[in-house]
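Here the structure comes first, spelled out in structure tokens, and everything after it is commentary.
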Amino acid sequence: MSIVFDQVSYTYGPNAPYQALNQVSCTIELGSFSGIIGHTGSGKSTFLEHINGLKTPSSGKVLINGLDTSNKEDKKDIRKLVGFVAQNPEHQLFAETVFDDIAFGPLHTGAKEEELTSIVEKSLRRLEVEPTAELLASSPFDLSGGQQRRIALAGILAMEPQILAMDEPLAGLDPQGRQQVLKLCQKLNNEGITIVMISHSMDEIAEVADHIIVMNKGELIEHGRVEKIFSEPEKLKRLGLDIPEASKYYFELKKRGVDLGDFVYTLDQLADAIAAYKVGGVDGI
Amino acid sequence: MAFKVTIGQFYNTKSIIHKLDPRIKILVSFAFMVLVFFADSIVLNVYIALALLALIYLSKVPLKVVLKAIRPVFFFLVLAGLMNLFFVQGGNVLANLGPITISEAGLNAFFIYTFRFLFLVVAGTLVALTTNPIQLTDALESMLSPLQKLGLPAHELSMMLSIALRFIPTFSKEAERIIKAQSSRGADFESGNLIERVKLFIPIIVPLFASSMRHADNLANAMDARCYTGGEGRTHYRELAIDKRDITALIICAIYLLVFIALKIYL
Ligand SMILES: Nc1ncnc2c1ncn2[C@@H]1O[C@H](COP(=O)(O)OP(=O)(O)O)[C@@H](O)[C@H]1O
Ligand SMILES: [Mg+2]
């Protein structure tokens, strides 16, 4: 059971300078947390839209748990299986009340009226939002940006997806909001939801992802575990991409003769490694 | 569901027609449209058609593109033509098809009105094909500005028009994104009965409306931040100016008009 891209190509039109996706093949295991990185225009969004069949390959195949996204009969099942979080998901809010907005997805995928209340409340709780009667009855347009994003996410979670495809879910939030949403994504992943997330922040990706997909000009350049991808900064640099701050410190210290041992890519790991470092029996650097 | 929107019909070939002052193009096309109504003989109609063909040739816009641009009114053209053919009676009866009679006057009206209508549409289309929409709004402002003294907000009108034009592609992109987002939430835009489909417009229209409000707000702020104050004393990035080319065009048009009058009187 997994997400499989088999030689997937996608072209927007005859005038495109290069294919938006060019012979992309990869397998994303269920339960994993994959980060997609790459320059603007490298095909990240196009890749993501293939996961829930919003786009279907010009050539090649995308299989979600064995279901072919090109297959029209499977479309509804795939949409239920894969939740798609568009860039700025709060821009899709439309209903008069928070409740109606969150209930929109389940209603259209065959949930029963009497289940709706419990579905809506459950999805809000999963995002650590207390589903008070007041909130449910308020207009989504009256909420703050961060709250709106959570309501929009709840509307997607309400469909109980097994996979979440997220296009820059942190963009446009303040640092605190970014951390909160990031933690929520991690929590959802721990609950068993497979997450594929596009992000421009290497630090944030490093914190939550276990796999990284590197895209460039429509090609999948690399796909591997986080520690492997970020331990090769030259490769990323050639594509104009960076590595996490923590890893930069790791390499800089190494250059100056301080070997922290195992490679690190998050600030927590870095702090632990520095704390554990001993010079000639003396603690610390 | 795909949204593909092209703004206006502008087809840039950088021909001399494209380079003419938009005000000249608008004025001449209006005058030409009036002229079309005075063309009541075959010779005059041929004369009109020749002018249009010459203009299409000079504009370097492929005939195919022109035909495609007038396709939306084609049905109307045929319908109006047939109505004339069947319902205008007079002169000798040419054919009798059951309850329908085609008379000489009907056939005459069929030709005159169908072509008259076609000429009008082609003349208007040519202006649209050869003039950048932004230039059109500039021309509109410049031509309406004498009315400003009577209280007509010429600058504001043209500003509104150009902002509206500017945002058409933005909103078509936005609509596409919203449709994607809502179909990811199980909205099915491809099947279902009419009522279901109409109901599905709400999840598209409301976010689109919200987004246009956001854009309007942002734009207003951006304009404020650049000290935009409206029409009084504003200059343009591209000033409209009548040059030699425009004068030449006007002279040619005047000669064309004189020949038209001569043909009308002496033929
Ligand atoms: N709607 C579209 N029409 C035409 N070309 C597009 C469209 N969307 C994206 N592209 C092109 O496809 C390529 C990949 O785009 P995208 O997947 O959006 O990249 P990313 O998300 O990495 O920025 C780019 O070259 C982009 O210009
Ligand atoms: Mg993108």
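Protein chains in written order, with the numbering used here: chain H, 438 to 722; chain Z, 5 to 271. Where is the CB? At the ideal position from N, CA and C, for every residue including glycine.
When you check each C-beta in the stretch 591–621 of chain H against every C-beta of chain Z, which residues fall closer than 8 Å?
Considering only beta carbons, the part of the stretch 591–621 of chain H lying closer than 8 Å to chain Z consists of 592, 593, 596, in chain order.
Environment of residue 249/Z [buried if 16+ CB atoms lie within 10 Å]:
Exposed is the label assigned to residue 249/Z, since fewer than 16 other Cβ atoms lie within 10 Å of its Cβ.
Which of the three DSSP states, helix, strand or coil, is assigned to residue 60/Z?
Helix.
To the nearest angstrom, report how far apart residue 501/H and residue 644/H are at their CA atoms.
Looking at the backbone, the Cα of residue 501/H and that of residue 644/H are separated by about 26 Å.
Can you tell me the Cα-Cα spacing of residue 442/H and residue 680/H, whole angstroms?
Roughly 26 Å separates the two Cα atoms.
I need the straight-line Cα distance from residue 634/H to residue 654/H, nearest angstrom please.
Their Cα atoms are separated by approximately 18 Å.
Could you pull out every residue in the same chain whose Cβ sits closer than 7 Å to the Cβ of residue 449/H, ignoring the five residues on either side in sequence?
Only 457 meet the Cβ criterion.
Any non-hydrogen atom of ligand 2 within 7 Å of residue 492/H CB
Distance from the C-beta of residue 492/H to the nearest heavy atom of ligand 2 is not below 7 Å.
Can you give me the Cβ contacts of residue 728/H inside the same chain, cut-off strictly under 7 Å, excluding the 5 residues immediately before and after it?
Only positions 438 to 722 of chain H appear in the structure, and residue 728/H is not among them; the question remains open.
Go through its chain and collect everything with a Cβ distance to residue 99/Z's Cβ below 6 Å, but skip five positions before and after it.
When the five nearest sequence neighbours on each side are left out, the beta carbons in the same chain lying within less than 6 Å of the beta carbon of residue 99/Z are those of 106, in order along the chain.
Does the beta carbon of residue 523/H come closer than 8 Å to any beta carbon on chain Z?
At a cut-off of 8 Å, the C-beta of residue 523/H has a neighbouring C-beta in chain Z.
Which two residues bound the contiguous beta strand (DSSP E) that contains residue 519/H?
Start and end: 519–522.
Rounded to whole angstroms, what's the CA-CA distance from residue 58/Z to residue 122/Z? Just pull it up for me.
Cα to Cα, the separation comes out at about 16 Å.
Are at least three pairs of beta-carbons, each pair with one atom in the stretch 517–528 of chain H and one in the stretch 577–593 of chain H, less than 8 Å apart?
For the pair of segments examined, the stretch 517–528 of chain H was found to touch the stretch 577–593 of chain H: the number of CB pairs separated by less than 8 Å reaches three.
Could you tell me whether the stretch 530–544 of chain H touches the stretch 591–600 of chain H, using the rule of 3 or more Cβ pairs below 8 Å?
By the Cβ rule, the stretch 530–544 of chain H counts as touching the stretch 591–600 of chain H, because three or more pairs are nearer than 8 Å.
At which residue ranges does the stretch 22–69 of chain Z contain complete alpha helix (DSSP H) runs of 4 or more residues, listed in the order of the chain?
Assignment of alpha helix (DSSP H) within the stretch 22–69 of chain Z, counting only whole runs of 4 or more residues, yields 26–42, 46–63 in chain order.
Can you tell me whether DSSP reads residue 447/H as helix, strand or coil?
Per DSSP, reduced to three states, the secondary structure at residue 447/H is strand.
I want to know whether the stretch 112–119 of chain Z touches the stretch 158–177 of chain Z - three or more CB-CB distances under 8 Å.
Contact between the stretch 112–119 of chain Z and the stretch 158–177 of chain Z is absent, because fewer than three Cβ pairs lie under 8 Å.
Measure from the C-beta of residue 173/Z to each C-beta in chain H and report whether the shortest distance is under 8 Å.
Chain H, which has no Cβ nearer than 8 Å to the Cβ of residue 173/Z, makes this no.
Inter-residue spacing [alpha-carbon to alpha-carbon] between residue 558/H and residue 631/H
Straight-line measurement puts the Cα of residue 631/H at about 22 Å from the Cα of residue 558/H.
Please classify residue 517/H as buried or exposed, where buried requires at least 16 neighbouring CB atoms within 10 angstroms.
Its Cβ being crowded by 16 or more others within 10 Å, residue 517/H is buried.
Pull out every residue of the stretch 189–204 of chain Z whose Cβ sits closer than 8 Å to any Cβ of chain H, in chain order.
Residues of the stretch 189–204 of chain Z with a C-beta less than 8 Å from any C-beta of chain H: 189, 190, 191, 192, listed in chain order.
Counting only C-beta atoms, is residue 139/Z closer than 8 Å to chain H at any point?
Among the residues facing chain H, residue 139/Z is not included, as its CB has no counterpart in that chain under 8 Å away.
What residue does the alpha helix (DSSP H) around residue 186/Z start on, and which one ends it?
Residues 158–188.
What does the shell around ligand 1 hold, if a residue joins when its beta-carbon is under 7 Å from any heavy atom?
Those residues that bring their Cβ nearer than 7 Å to a heavy atom of ligand 1 are 449/H, 450/H, 453/H, 454/H, 455/H, 457/H, 475/H, 476/H, 477/H, 478/H, 479/H, 480/H, 481/H, 482/H, 483/H, 484/H, 635/H, 652/H, 655/H.
Roughly how many angstroms separate the alpha carbons of residue 674/H and residue 143/Z, rounded to a whole number?
So the two alpha carbons sit approximately 51 Å from each other.
Would you mind sorting residue 25/Z into buried or exposed? The rule is 16 or more other CB atoms within 10 Å of its CB.
Answer is buried; the Cβ neighbour count reaches 16.
By DSSP's criteria, residue 501/H is part of a beta bridge. Which residues make up the other side?
DSSP, once it has assigned bridges, lists 440/H, 504/H as partnering residue 501/H.
Measuring straight from C-alpha to C-alpha, what distance separates residue 91/Z and residue 171/Z?
Roughly 45 Å between the two C-alpha positions.
Mark residue 613/H as exposed unless 16 or more other C-beta atoms lie within 10 angstroms of its C-beta, in which case mark it buried.
Exposed, by the Cβ-count rule.
Count the other CB atoms, across all protein chains shown, that sit within 10 Å of the CB of residue 706/H; report buried if there are 16 or more and exposed otherwise.
The Cβ neighbour count for residue 706/H, taken over all protein chains shown within 10 Å, is at least 16; the residue is labelled buried.
Whole-angstrom Cβ separation of residue 14/Z and residue 136/Z, contact assumed at under 8 Å?
The C-beta separation of residue 14/Z from residue 136/Z comes to about 6 Å, placing the pair in contact by the 8 Å criterion.
Minimum length 4: unbroken alpha helix (DSSP H) runs contained in the stretch 469–498 of chain H
Fully contained in the stretch 469–498 of chain H are the following alpha helix (DSSP H) runs of length 4 or more, in chain order: 481–488.
By the three-class DSSP mapping on this structure, what secondary structure does residue 19/Z have?
Residue state for residue 19/Z is assigned as coil, using DSSP reduced to three classes.
Just to check my reading of the structure: residue 574/H and residue 534/H have Cβ atoms closer than 8 Å, yes? What is that Cβ distance to the nearest angstrom?
The C-beta separation of residue 574/H from residue 534/H comes to about 5 Å, placing the pair in contact by the 8 Å criterion.
Is residue 221/Z close to ligand 2? I mean its beta-carbon at under 7 Å from any heavy atom of the ligand.
No; taking the cut-off as 7 Å, the Cβ of residue 221/Z has no heavy atom of ligand 2 nearer than that.
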